[in-house]
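Working notes, structure below.
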Amino acid sequence: MEIPNPVLHIGWDPRPIGALHRAGAEVTCIVPAKDAPAVRAAGAAAIVVADPGSVEDILGGLARSALSPSDFGAICSANEFYLVQAAAVAEVGGALGAGSLPTLAMRDKFVQKDMLRRAGVRTAGHTLVESLERLDVTTVGFPQVLKPLHGAGALHTVVVRDEEGLRQAIEAARQVCDGPWLLEEYVPGQEYFIDGVVRGGEVLAFSLSRYFQNMIECHGGGVVAYQTLPEHEAPALYTESRALTEAAFKALQFQDGVFHLEVFWDGVEAVFGECAARVGGGRADRVFELTFEVNLHDEWALAALGLPSGIQDEPLRSTESYGGLNLQCQQGLVVSVPTTEETLALPGVVEVDIYVAPGGVTPDFHSASHMRAGQAVLSGADTQEVAERIAGLSTWFQDSVEIVPAVG
Ligand SMILES: Nc1ncnc2c1ncn2[C@@H]1O[C@H](COP(=O)(O)OP(=O)(O)OP(=O)(O)O)[C@@H](O)[C@H]1O
Ligand SMILES: [Mg+2]
Numbered sequence: 043m044e045i046p047n048p049v050l051h052i053g054w055d056p057r058p059i060g061a062l063h064r065a066g067a068e069v070t071c072i073v074p075a076k077d078a079p080a081v082r083a084a085g086a087a088a089i090v091v092a093d094p095g096s097v098e099d100i101l102g103g104l105a106r107s108a109l110s111p112s113d114f115g116a117i118c119s120a121n122e123f124y125l126v127q128a129a130a131v132a133e134v135g136g137a138l139g140a141g142s143l144p145t146l147a148m149r150d151k152f153v154q155k156d157m158l159r160r161a162g163v164r165t166a167g168h169t170l171v172e173s174l175e176r177l178d179v180t181t182v183g184f185p186q187v188l189k190p191l192h193g194a195g196a197l198h199t200v201v202v203r204d205e206e207g208l209r210q211a212i213e214a215a216r217q218v219c220d221g222p223w224l225l226e227e228y229v230p231g232q233e234y235f236i237d238g239v240v241r242g243g244e245v246l247a248f249s250l251s252r253y254f255q256n257m258i259e260c261h262g263g264g265v266v267a268y269q270t271l272p273e274h275e276a277p278a279l280y281t282e283s284r285a286l287t288e289a290a291f292k293a294l295q296f297q298d299g300v301f302h303l304e305v306f307w308d309g310v311e312a313v314f315g316e317c318a319a320r321v322g323g324g325r326a327d328r329v330f331e332l333t334f335e336v337n338l339h340d341e342w343a344l345a346a347l348g349l350p351s352g353i354q355d356e357p358l359r360s361t362e363s364y365g366g367l368n369l370q371c372q373q374g375l376v377v378s379v380p381t382t383e384e385t386l387a388l389p390g391v392v393e394v395d396i397y398v399a400p401g402g403v404t405p406d407f408h409s410a411s412h413m414r415a416g417q418a419v420l421s422g423a424d425t426q427e428v429a430e431r432i433a434g435l436s437t438w439f440q441d442s443v444e445i446v447p448a449v450g
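Numbers in our numbering are just positions in the sequence shown, counted from 1, shifted up by 42.
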């Protein structure tokens with residue numbers, strides 16, 4: 043099949059750009075100045091703009107290079123913050139793209155829930171709050187979750203249990219912006235996620251994982267850790283969440299691409315949380331690849347280029363079990379931190395990246411689930427061993443980092 047060259051990608055990330063190159067694409071990236079050297083070193087062309095998330099900047103950057111969207115065969119992005127812009131610019135140029143409206147349905151939390159609820163898919167009731175200042179808190183039923191429309195990593199997302207809690211949440215949220223925000227019914231249950239591939243409306247790969255704690259717990263110091271679960275360990279949840287996924291994709295008209303979908307499960311009923319048309323965050327990509335020998339970035343690229351999936355039959359699961367976690371520690375000034383080699387020496391640690399160094403300050407782990415001192419992928423003979431190893435690594439890392447605690 044013909045590759046729709048040249049290809050425009052909004053943003054920079056070596057994994058999807060590598061995948062586009064492996065699929066045979068000639069890639070130009072729209073990036074901020076800081077990313078241009080890495081883009082060029084990876085063999086792609088770079089067009090520098092101030093903000094790749096601005097359609098004006100994208101069109102301006104192209105025009106300054108004597109280009110327009112119609113000069114590209116396909117226009118795409120693997121970056122969740124640029125998905126809609128890439129789809130819209132593709133439409134401007136008549137290039138292959140994911141379609142701005144279907145992409146918005148996989149991005150805007152209100153639009154997504156609205157489409158799902160209209161189609162009868164089980165998900166939280168939701169209300170758009172156009173102005174927090176003007177919200178009449180006496181009309182709100184509790185508990186609810188207050189969140190930004192385009193949030194990520196549970197940033198600025200809080201559970202509110204009563205009027206006073208809502209007033210406090212509003213005060214904090216208004217520091218970010220007055221509106222619009224989303225209020226959602228609180229869904230009880232444990233949170234799980236599914237990574238997979240859908241092509242022509244058919245789910246070709248479906249991998250269920252459990253979070254050790256719901257993501258929102260990160261605000262209270264909860265661990266951000268996850269592990270894959272084989273179907274025989276969660277048969278009812280597999281059946282329910284697969285049916286939910288298929289119904290959701292039909293309602294959202296999401297036919298082609300990779301996905302990262304979150305569900306709540308109370309032991310009986312699966313409730314749709316949200317779904318993004320991208321590879322999952324953290325090390326979900328590596329955990330998936332080690333489990334199924336399928337690279338989700340490659341699958342994303344093939345879908346973005348309109349090429350057939352590399353998956354023929356439902357991928358076979360490794361006999362090993364895998365999981366991943368964020369490495370966290372006390373907050374403050376870092377005095378010393380374990381090396382990569384020391385961390386890799388722990389049982390089952392397959393991969394590790396450490397982001398803090400002596401002299402640096404730790405990020406605010408409580409603000410969002412993607413704040414971390416490092417990340418690791420672990421393996422084990424079974425689910426239980428992986429869970430034990432994740433807990434062991436998490437504790438060992440916290441105990442091993444030397445910190446001068448932050449004051450206040
Ligand atoms: N309606 C709800 N009921 C219960 N918990 C919720 C609800 N909405 C969100 N949460 C919790 O807050 C977290 C963050 O919310 P959500 O997934 O909507 O936003 P996000 O910040 O985009 O997350 P992501 O990092 O997955 O992009 C969820 O993972 C979940 O733990
Ligand atoms: Mg989420």
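Backbone N, C-alpha and C define an ideal beta-carbon position, used for all residues, glycine too.
Because the structure is a prediction, the values reported are computed rather than measured.
Grab the span of the alpha helix (DSSP H) containing His339 for me, first residue to last. Leu338 to Ala346
So what does DSSP say about Pro447, is it helix, strand or coil? strand
Are there 16 or more other CB atoms within 10 angstroms of the CB of Val391, so buried, or fewer, so exposed? buried
On the DSSP bridge assignment, give the partners of Lys467 in chain order. As displayed, the chain neither begins before 43 nor continues past 450, which places residue 467 out of reach and without an answer.
Quick one: grab the DSSP three-state call for Val329. helix
Can you tell me whether Cys71 is buried or exposed? The criterion is at least 16 other CB atoms within 10 Å of its CB, across all chains shown. buried
Coarse secondary structure for Glu311, derived from DSSP in three states: coil
So who's on the other strand from Arg241, going by DSSP bridges? Glu244
Is the closest heavy atom of ligand 1 to the C-beta of Lys76 under 7 Å? no
Given a cut-off of 8 Å on the beta-carbon distance, is the pair Phe248 and Tyr268 in contact? no
Between Thr437 and ligand 3, is there a pair consisting of the residue's CB and a ligand heavy atom that are separated by less than 7 Å? Absence of ligand 3 is noted for the structure shown, with ligand 1 and ligand 2 being the only ligands found.
Please give me, in chain order, every unbroken run of the beta strand (DSSP E) with length at least 3 that falls completely inside the region 351-431. 363-369, 374-378, 391-396 and 416-422
Opposing strand residues paired with Gly299 [DSSP bridges]: Val240
Excluding the 5 residues flanking Asp355 on each side, which residues of the same chain have their C-beta closer than 6 Å to its C-beta? none
Going straight from the alpha carbon of Ala423 to that of Gly309, what length do you get? 25 Å
What residue from Gln373, Ser421, Val379 and Phe407 has the CA that sits closest to Pro393's CA? Looking at the sequence provided, one finds Glu at residue 393 rather than Pro. Looking at the Cα atoms, Ser421 is the closest of the given residues.
Stretch-stretch touch, CB-based, cutoff 8 Å, three pairs: the region 280-292 with the region 377-390: no
Give a single yes or no on whether Glu227 has its beta carbon closer than 7 Å to a heavy atom of ligand 1. yes
Return the chain-ordered ranges of every beta strand (DSSP E) run that is complete within the region 114-189 and spans a minimum of 3 residues. 116-118 and 168-171
Can you tell me the Cβ-Cβ gap for Thr142 and Ala129, rounded? I've got them flagged as a contact below 8 Å. In the sequence on display, residue 142 carries Ser and not Thr. About 4 Å separates the two Cβ atoms, so the contact holds.
Tell me where the alpha helix (DSSP H) around Tyr280 begins and ends. Pro277 to Leu294
Quick one: measure Cβ to Cβ for Leu62 and Val73, integer angstroms, because I've assumed they're closer than 8 Å. Contact flag wrong, Cβ pair sits at about 14 Å.
Ala132 to Thr437, Cα distance in whole Å? 47 Å
Taking the alpha carbon of Leu332 as the reference point, which residue from Ile445, Gly102, Ile45 and Ser360 has its own alpha carbon closest? Ser360
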